[in-house]
Amino acid sequence: MLRLAWANVVVRRSRLAMSALGVALAVAFVCGTFIVTDTMRTALIDSLSQSPSQLSAAVMRLGQARTVPRELVDRVRAVPGVAVAEGDLYGAMTVLGPDGRRLSAEGDRGVLAGIPADERLSPVRLVAGRAASARNEVVLDQITARAHGLAIGFTVSLPDPAGGTDPYVISGLVQPGPKLAKYGTTAIVGMPYERAAVVLNAVAVGRIDVLAQPGVTPEELVTRLRAVLGSGYGVLTGEEVRRMEANEALSALDAFISSLVIFALISVLISGFVVYNTFSILVVQRFRETALLRCVGATRRQVLRTALAESALVGLIASAAGQVIGVGLAHAAMGTVIDMADGIDLAGTALDIRPGTLVLAVLTGLGMTLVAAAIPALRAGRVLPVAALREAHAAPASGPRRRSAVLAVVAGVAGLALAGYGVAIADTGDDSQTELVFTGAGAALVLVAVLAAGPRYLPPLAGAIGRGTRRLTGTPGRLAVENIRRNPSRSATTTAALIIGLTLVTLVSVLTSSMAASIEAGYAKHSPFDYTLVAEGGNAPIPPKVQSALESSPQVGGLVPIRQGGVRADIVVKGELLRPQGVHPKVAELAPGAVTRGTLAGFGPGSIALERKLAERMRIDVGDVLDVRADATGIAMELRVVALLDGLSPIGPVAMAEPDFVRIAPDKPVSVLLLRGANGVAEPRLRAAVDAAVAGYPSVAALSRVVAARQWNTSVETLRTLLLALLGLSVVIAFFSLANTMSLSVVERRGEFGLLRALGMTRDQLRRTLTAESVVMSMLGVGVGIVLGIVCGWALSRSLAIVSEARFAVSGAFVAAFAALGVLVGMAAGVLPARRSATAPIVESLRKE
1 MLRLAWANVV VRRSRLAMSA LGVALAVAFV CGTFIVTDTM RTALIDSLSQ
51 SPSQLSAAVM RLGQARTVPR ELVDRVRAVP GVAVAEGDLY GAMTVLGPDG
101 RRLSAEGDRG VLAGIPADER LSPVRLVAGR AASARNEVVL DQITARAHGL
151 AIGFTVSLPD PAGGTDPYVI SGLVQPGPKL AKYGTTAIVG MPYERAAVVL
201 NAVAVGRIDV LAQPGVTPEE LVTRLRAVLG SGYGVLTGEE VRRMEANEAL
251 SALDAFISSL VIFALISVLI SGFVVYNTFS ILVVQRFRET ALLRCVGATR
301 RQVLRTALAE SALVGLIASA AGQVIGVGLA HAAMGTVIDM ADGIDLAGTA
351 LDIRPGTLVL AVLTGLGMTL VAAAIPALRA GRVLPVAALR EAHAAPASGP
401 RRRSAVLAVV AGVAGLALAG YGVAIADTGD DSQTELVFTG AGAALVLVAV
451 LAAGPRYLPP LAGAIGRGTR RLTGTPGRLA VENIRRNPSR SATTTAALII
501 GLTLVTLVSV LTSSMAASIE AGYAKHSPFD YTLVAEGGNA PIPPKVQSAL
551 ESSPQVGGLV PIRQGGVRAD IVVKGELLRP QGVHPKVAEL APGAVTRGTL
601 AGFGPGSIAL ERKLAERMRI DVGDVLDVRA DATGIAMELR VVALLDGLSP
651 IGPVAMAEPD FVRIAPDKPV SVLLLRGANG VAEPRLRAAV DAAVAGYPSV
701 AALSRVVAAR QWNTSVETLR TLLLALLGLS VVIAFFSLAN TMSLSVVERR
751 GEFGLLRALG MTRDQLRRTL TAESVVMSML GVGVGIVLGI VCGWALSRSL
801 AIVSEARFAV SGAFVAAFAA LGVLVGMAAG VLPARRSATA PIVESLRKE
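Counting from 1, one number per residue, gives the positions in the sequence shown under our numbering.
This is how it looks when you write it as structure tokens:
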């Protein structure tokens, strides 16, 4: 029987080719996904291992405020057993190239990092040249250097506190370490630690890294540090810090890996439909052959094992081919992944091809083909020997079954209930993760219900399409619709792959369009300022001439000065350390409604506003009166919560009225200006007024709200492109499903086509009939998929609210493109089968096997 299975595969290789190709593509996706992710994981672990392995301990701030006073570094150095201690020192800084242009993207600023003298604590790794040592030298990250054509010896400029710029010579190129990975592709320059502190006007640092003296264990050092610093600071051993960094980095990578695996499993699922359809049709076509086997002594079990062995052979051959394709896909994908993998140095990294990955790929392909072919194999085993005497062996009309109807009802009711609950709790502003889980599970169940109910709703839909296109298609179109309606189960199975693929593609399009619309609405409400002007370098002030020029400009409708917080302005609320900023009460006039709850209309002395998520975590609501104490001076006051802010708000996460802020931090200057244009002033005129005011002051960066929103939208577009590219393979496999079904049906319905030709149907009419059948079936799958994708996209967009202003949007261009794609896919899938059936001689078509 095994030899028979092999012979069937060889003889019918053309009929199995589409199924094998679908399996190979799915296996290639799985194999390529795991190769790429294993390579990324290996590179990430290697980069983490380059972190200071000698690190003995680290001191960090607890609470919302993350920086510590620079004086604390001296206290740490004075602890017995400490050999070296340095605080993380980096801040935003505009970096100008030799031509005077910014090296970062529009709206972004660069990062200036202080490089400690002890290389063991350096946040960067030197890859070319030498470390900066002179006062006018810096090192530059190699990605920025490559992007702008810079090299060692070139000159860059940084703003100085007086409003001008200072030139610096590039002495070396560096690779940012894990600490700076969060800045992605932003330009990063480094200079000696003390010089960076002067340029940044730093009064605070980040985490303090500590190296122990010989003979002092990390545990002993941590105990001594905790005794000196008290409970206000967290002290961890170096091993705990490395483990924490690794967990954070790997958790983010694991989320990315999980999304890739999900897309790979989707392609496997759709390939399963291709295999199921293929073997279902082959079982019908080989009906008499199977019956003859039973006549000559083959048992049901032998027939079943033969069918499963045939599917296993197809799965093994396709999986082997998929492995080769998967390695090629991994090679091709690494270029894209290198551009996206911020903080992971993948340049020159060899692919991590593990034996387990290859074995998993084979098991995936083999398992999927066996599972998909199991039901057709069981049907083959039930063929009776007497069936060999029957002449007709066409596919019996298969209508909807009771089990499918029950599954559709149960899954539909459960899915609607879960999705409805997820949308309902989304409106209450509770945990979005919970909302997303319920809504996502509900959407998946609704998809199952739609697939299970396919045999019941597809025939009437096909009839509606036929009536609508009767004038265009005539008799061939009517025959095509009747062919679809007479076997609803097969039609439903054939369109299932297209329904899944188009549902997911439309869902991604709706979600990303809704995200972009939500971000735009969020900026319009919660950040209603046209420009944000920021002074570079820590505590540097906005030059008074800049502020006065803007206040006197007729193009400017109003300004809101802000004094940014720092370690000397930290406050204690409910035992937690918070970092506020002092906001001028003018915000009550210019943006009273820029809140998620409450109002800024009464914002002034005695008021405070908090970011919504921070307030919810601290169990604070609008109207609460908070006991506030300045951490540095001990000044106490009572502040009433007047509003909760969105994450996009420029005055969050903690906003105090300027008079109250000045009481606790009188030395903090105005370092940010929020600017709103006058009514009726066009954007170009306002931009010209802003540029004129900041001209000659490179230390002041003017950030446009339009540019900020555009950057968000660019990120959303990148996400949409990536997701659609990942789903593209699933759509391709779905196309194979339709083309495969049409090709096999030509063989199965050969006698039917011969009879139609004998009754007078021309070759062109037969060709048009089959093409129309393929197009209608494709339109059914695409139409149902688009509608379902829009509905599920609406529910998920309500749950996946990245800002408080959730919006629902559908891209008409994408929907039209998907619909046109459906027609083209249908036409392409029917071309070869139509040509094959039309060119077959009538006598040959009527000949019985």
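Ideal Cβ placement from N, Cα and C applies to all residues, glycine included.
Spatially closest choice to residue i from the options, by CA coordinates
| i | options | result |
| --- | --- | --- |
| residue 263 | 25, 833 and 627 | 25 |
| residue 734 | 55, 21 and 440 | 21 |
| residue 477 | 421, 243, 506 and 777 | 777 |
| residue 513 | 813, 702 and 304 | 813 |
| residue 726 | 302, 278, 160 and 329 | 329 |
| residue 109 | 753, 797 and 708 | 708 |
| residue 578 | 794, 567 and 584 | 567 |
| residue 754 | 525, 456, 356 and 843 | 843 |
| residue 40 | 315, 331 and 75 | 331 |
| residue 634 | 662, 600, 572 and 592 | 572 |
| residue 149 | 27, 103 and 131 | 103 |
| residue 91 | 74, 128, 204 and 209 | 204 |
| residue 570 | 662, 613 and 494 | 662 |
| residue 446 | 723, 408, 437 and 659 | 408 |
| residue 673 | 701, 278 and 680 | 701 |
| residue 326 | 289, 365, 293 and 307 | 365 |
| residue 274 | 319, 293, 189 and 369 | 369 |
Where residue i falls, given that 16 or more other Cβ within 10 Å makes a residue buried
| i | result |
| --- | --- |
| residue 721 | exposed |
| residue 153 | exposed |
| residue 536 | buried |
| residue 121 | buried |
| residue 217 | exposed |
| residue 404 | buried |
| residue 86 | buried |
| residue 545 | exposed |
| residue 362 | buried |
| residue 375 | exposed |
| residue 773 | buried |
| residue 728 | exposed |
| residue 580 | buried |
Three-state class that DSSP yields for residue i in the structure shown
| i | result |
| --- | --- |
| residue 484 | helix |
| residue 646 | coil |
| residue 99 | coil |
| residue 175 | strand |
| residue 582 | strand |
| residue 317 | helix |
| residue 332 | helix |
| residue 617 | helix |
| residue 376 | helix |
| residue 875 | With the chain represented from 1 up to 849, any question about residue 875 goes unanswered, as that position is not in the structure. |
| residue 217 | coil |
| residue 394 | Its pLDDT being 46, under 50, residue 394 is placed unreliably by the model, and the measurement read from it follows with that caveat. Coil, per DSSP. |
| residue 659 | helix |
| residue 855 | It is not possible to answer for residue 855, since the shown part of the chain is limited to 1 through 849. |
| residue 190 | strand |
| residue 224 | helix |
| residue 681 | coil |
For residue j and residue i, the rounded distance between their alpha carbons
| i | j | result |
| --- | --- | --- |
| residue 229 | residue 206 | 16 Å |
| residue 243 | residue 251 | 12 Å |
| residue 32 | residue 406 | 38 Å |
| residue 311 | residue 360 | 18 Å |
| residue 756 | residue 462 | 22 Å |
| residue 515 | residue 793 | 11 Å |
| residue 354 | residue 768 | 50 Å |
| residue 589 | residue 505 | 44 Å |
| residue 817 | residue 208 | 55 Å |
| residue 642 | residue 615 | 12 Å |
heavy atom of the ligand ADP below 8 Å from residue i C-beta
| i | result |
| --- | --- |
| residue 790 | Among the components of this structure there are no ligands whatsoever, and the ligand ADP is therefore not found. |
Which runs of the beta strand (DSSP E) fall wholly inside the stretch 135-162 and span at least 3 residues, in chain order?
List check, beta strand (DSSP E) in window: 137-141 and 155-159.
Unbroken alpha helix (DSSP H) runs of length 4 or more, entirely within the stretch 512-556: which are they?
Uninterrupted alpha helix (DSSP H) stretches at least 4 residues long and entirely within the stretch 512-556 occur at 544-551, given in chain order.
To test your reading of the DSSP string, which unbroken beta strand (DSSP E) runs of 3 or more residues are found completely within the stretch 412-478?
The qualifying runs do not exist here; there are none.
May I have a chain-ordered list of the alpha helix (DSSP H) segments no shorter than 4 residues that lie completely inside the stretch 725-782?
750-758, all fully within the stretch 725-782.
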